[in-house]
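In what follows, a single structure is set out as structure tokens and then discussed.
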Amino acid sequence: MNQSVAASKSFDFQAWLSNRVQQVEAMLDQTLPAADVVPGRLHEAMRYGVLGGGKRVRAALVYAAGEVSLQSAAPAAAQQIALDHAAAAVELVHAYSLVHDDLPCMDDDTLRRGRPTVHVQFDEATAMLAGDALQPLAFEALGAMPIAPALVVQAIQLLAAAIGSQGMVGGQAIDCGSVGQALEQAELQQMHRMKTGALLEASVLLGGVVAGASSSTREGLRKYASAIGLAFQVADDILDVTADTATLGKTAGKDALENKPTYVSTLGLDGSRQLLQELRDDARAALLPLGPSAASLAHLADYIVGRDH
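For the sequence shown, my numbering assigns the number 4 to the initial residue and increments by one for each residue that follows.
See the structure below:
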């Protein structure tokens, strides 16, 4: 058995994940403006949208990739601080995307993470502005990383490319324009690599950049990130038809109700599950050359795929 796989079986993933969630939650609380700072209502909405729970998968990917790149679970102080900033940055961007996606002009959803969405809890204008403010705050967090300036620039460029018109926002535009259309699998895959996969992939690669990963390690991380970014969306599409609203924390069955193209509508439930397992296998295969320090990434692949159950 490969050493990295053997090591991952004795790895206490749940404890590791719990620690990483606490770590990024503390960083997010510290990074977000206090609700009593003017304009208070806007800051309250920002905190509501970010600190309202969530699995923090993207932050976990940052930390896990950082561990692989450093070949250690205990990086130097400056590198650990930089990883905290990068983990917070991807969660701030993710939160901004959810706040905007839930707006009436987009997906028009009233439930997120088991509670009212930001525009319902506050109002539509405040929700729009909260999302607008979260995005630059993410780049402010990256800019404050105490590492080499060249690595800071790389990190900023990486995240910006992942969430722009050729990444997350572009994927959302394609999604909005595809309602009621039957997409081929290749078209669906392109849309989701941009809309969902790009930020997940950037989370992995940011961990590598911040920790100063070698070129060979970055290549392994890139292959892993490509597979896991797509797997996350396939699992989401499956859950939309198999899980209930209480389990999801958001409205179940909404994609089918709005006639959105998904992996389930394109491949069927069995075909989607088969693709999900293939992507998990691809992700794990990409980690084999990285050794035992990739245990957390291997377990994250299983965790993402396991959301299907």
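Just so it is clear, CB atoms sit at the ideal spot from N, CA and C, and this is done for glycine as well. Remember, predicted model here, so these are calculated numbers, not experimental data.
For residue i, the first and last residue of its enclosing alpha helix (DSSP H)
i: F16; result: F16 to T34
i: A133; result: E127 to G146
i: R61; result: V60 to L73
i: A246; result: Where A246 is concerned, there is no enclosing alpha helix (DSSP H), given that its DSSP letter is neither H nor E.
i: D104; result: A80 to D104
i: G174; result: M171 to G180
i: E190; result: Q188 to H195
i: L340; result: Lying outside 4 to 312, the shown extent of the chain, residue 340 is not represented and no answer is given.
i: A301; result: A298 to G309
i: L154; result: P152 to I166
Nearest-angstrom Cα separation, counted from residue j out to residue i
i: E187; j: T269; result: 7 Å
i: A214; j: A63; result: 14 Å
i: L161; j: V71; result: 19 Å
i: Q280; j: A297; result: 19 Å
i: A18; j: Q184; result: 43 Å
i: G232; j: D305; result: 13 Å
i: G69; j: P264; result: 35 Å
i: V172; j: A189; result: 19 Å
i: G134; j: S100; result: 7 Å
i: G56; j: G210; result: 22 Å
i: A10; j: V27; result: Model confidence at A10 stands at a pLDDT of 46, short of 50, so the residue's coordinates are unreliable; what they give is reported in the following sentence. In a straight line, the C-alpha of A10 is about 25 Å away from that of V27.
i: A238; j: F142; result: 29 Å
i: A80; j: G180; result: 46 Å
i: A151; j: P295; result: 27 Å
i: L272; j: M197; result: 22 Å
Close-in-space but distant-in-sequence residues of the same chain around residue i (CB under 7 Å, 5 per side omitted)
i: A29; result: none
i: K226; result: A289
i: V267; result: D240, I241, V244 and S275
i: A130; result: A48, V102, L106, V121 and H122
i: R118; result: G55
i: Y51; result: V121 and Q124
i: A164; result: G170
i: Q138; result: V96 and Y99
i: A367; result: No information on residue 367 is available, as it lies outside the stretch 4 to 312 that the chain covers here.
Beta-bridge pairing of residue i - partner residues as DSSP gives them
i: P313; result: Any property of residue 313 remains undetermined from this structure, which presents the chain solely from 4 to 312.
Local Cβ density within 10 Å of residue i, reported as buried at 16 or more and exposed below that
i: T248; result: exposed
i: D32; result: exposed
i: D39; result: exposed
i: V41; result: exposed
i: L293; result: buried
i: D15; result: exposed
i: E127; result: exposed
i: S218; result: exposed
i: S13; result: exposed
i: A77; result: With a pLDDT of 48 at A77, under the threshold of 50, the modelled position of that residue is not reliable, and no figure is offered here.
i: V156; result: exposed
Sequence-distant residues of the same chain with beta carbon closer than 6 Å to residue i, five excluded per side
i: H97; result: R61
i: S206; result: R61, L64, V65 and V93
i: R221; result: G211
Sequence-distant residues of the same chain with beta carbon closer than 8 Å to residue i, five excluded per side
i: Q111; result: Inspection of the sequence shows that residue 111 is occupied by Asp rather than by Gln. D105, listed in sequence order.
i: A147; result: H88
Contact test: residue i Cβ vs the ligand ZN heavy atom, cutoff 7 Å
i: A29; result: Among the components modelled here there is no ligand, and therefore nothing to report on the ligand ZN.
Neighbour flag for residue i against chain C, beta carbons, 8 Å
i: P264; result: Here chain C cannot be found, since the structure has a single protein chain.
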